[in-house]
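In this note's numbering, the protein residues as written are 1262 to 1597. Note that CB positions come from ideal geometry on N, CA and C, so glycine has one too. The structure displayed is predicted, hence computed values, not measured ones. Let me begin by presenting the structure, written as structure tokens, before commenting on it.
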């Protein structure tokens, strides 16, 4: 699907972007693989490891529509990964988060439509479902923009979809490397916000593979959600440092006890497939998609029960302490 195609990834110097680039170069032969991001130092460092002849590096911000338009000329596929993601930072700097996560999303849509891009997938977050923090609210707005963009595109235009998943093991700013850094400093007490806290758990490679698969599945307008395990924060501490004590520090601004990926209020729109869920659009697209029950890979989904909610606290699949330990080790080594 990606051989001899031009692919652009916004926020391409982040954890997801680097693994995505690595995966594409291993599996396919793209004509161009464009990293679009605003940090020249990260691009400089990335070029040392990823200097394939197909690679292109564009300094630019998704807030800058004109620069994005230049970068997107002749592009076939777009992955929109750029975002301001730190929950406390968004609470203290709300307008900056809005400019990147909402205005930037609309710039990506406008430029993709003008460039005639074939498919666009935007990365979302579990925090966009029933959001209680500004970051989640901006990503919900972004999700709505990308879904509605299919209506603007018309029958034969660009297809837009969204991928939503949970905590990525080992990604920059996430809890695993944070705990590792404290343990490396000799700390024997780890800060825990609340002992009841749970999170969905996915590896970086699993996230990349899920996005790639959904380029093949998508018809336009879907929010794709993988079926993944949950982890209790107390089990994570036991897996990483069995002898460590926990310092209960309280929930941070805008933080939840449990994460939701399929809200109960969207249960009438949600389809269950073998290894994922799809939230279908609340609006219809004229002459585009007659049914989402069967995707382009001929996988068939069924409607969930009314009131169904995919919640990290009530998820039927929880990792044990040993499973957490094994998964984290393999995930950090890139084995899963």
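Per DSSP, residue 1420 is one residue of the beta strand (DSSP E) stretching across 1420–1424.
Put simply, of 1556, 1396, 1592, 1274 the residue whose alpha carbon is nearest the alpha carbon of residue 1479 is 1556.
Residue pairing for residue 1508: DSSP places it in a beta bridge opposite 1452.
For residue 1381, the enclosing beta strand (DSSP E) stretches over residues 1380–1384.
Taking C-alpha positions only, residue 1269 is separated from residue 1504 by approximately 45 Å. Residue 1580 places its beta carbon 8 Å or farther from that of residue 1522.
For residue 1475, the three-state secondary structure derived from DSSP is helix.
Contact check for residue 1498 against residue 1453 passes: the beta carbons are separated by less than 8 Å. Residue range 1459–1464 is occupied by the beta strand (DSSP E) that includes residue 1461. Annotation: the continuous beta strand (DSSP E) that includes residue 1492 extends over 1491–1493. For residue 1280, the enclosing alpha helix (DSSP H) covers residues 1276–1288.
Residue environment: residue 1446 is assigned as exposed (fewer than 16 neighbouring CB atoms within 10 Å of its CB, all protein chains considered). The three-state secondary structure of residue 1487, taken from DSSP, is strand. For the 8 Å CB-CB criterion, residue 1529 and residue 1567 form a contact. Our two residues, residue 1331 and residue 1583, have alpha carbons roughly 49 Å apart in a direct line.
Spatial neighbours of residue 1303 in its own chain (CB-CB distance under 7 Å, excluding positions within 5 residues in sequence) are listed in chain order as 1274. Between the stretch 1467–1474 and the stretch 1415–1430, the count of Cβ pairs shorter than 8 Å is three or higher; the stretches touch. The three-state reading of DSSP puts residue 1375 in helix, counting H, G and I together. In this structure residue 1506 is exposed. Its beta-carbon is surrounded by fewer than 16 other beta-carbon atoms within 10 angstroms. Here DSSP, grouped into helix, strand and coil, assigns residue 1333 to coil.
DSSP, read as helix, strand or coil, puts residue 1558 in coil. For residue 1323, no alpha helix (DSSP H) encloses it, and the DSSP letter there is neither H nor E.
Looking at the DSSP output, residue 1533 bridges to 1538, 1563. Among the bridge pairs identified by DSSP, residue 1271 is matched with 1297, 1341. Looking only at 1387, 1394, 1335, 1381, the smallest Cα-Cα distance to residue 1358 is reached by 1394. Around the beta carbon of residue 1281, a 10 Å sphere encloses 16 or more other beta carbons of the protein chains shown; the residue is thus reported as buried. Around the beta carbon of residue 1292, fewer than 16 other beta carbons lie within 10 angstroms, which makes this residue exposed.
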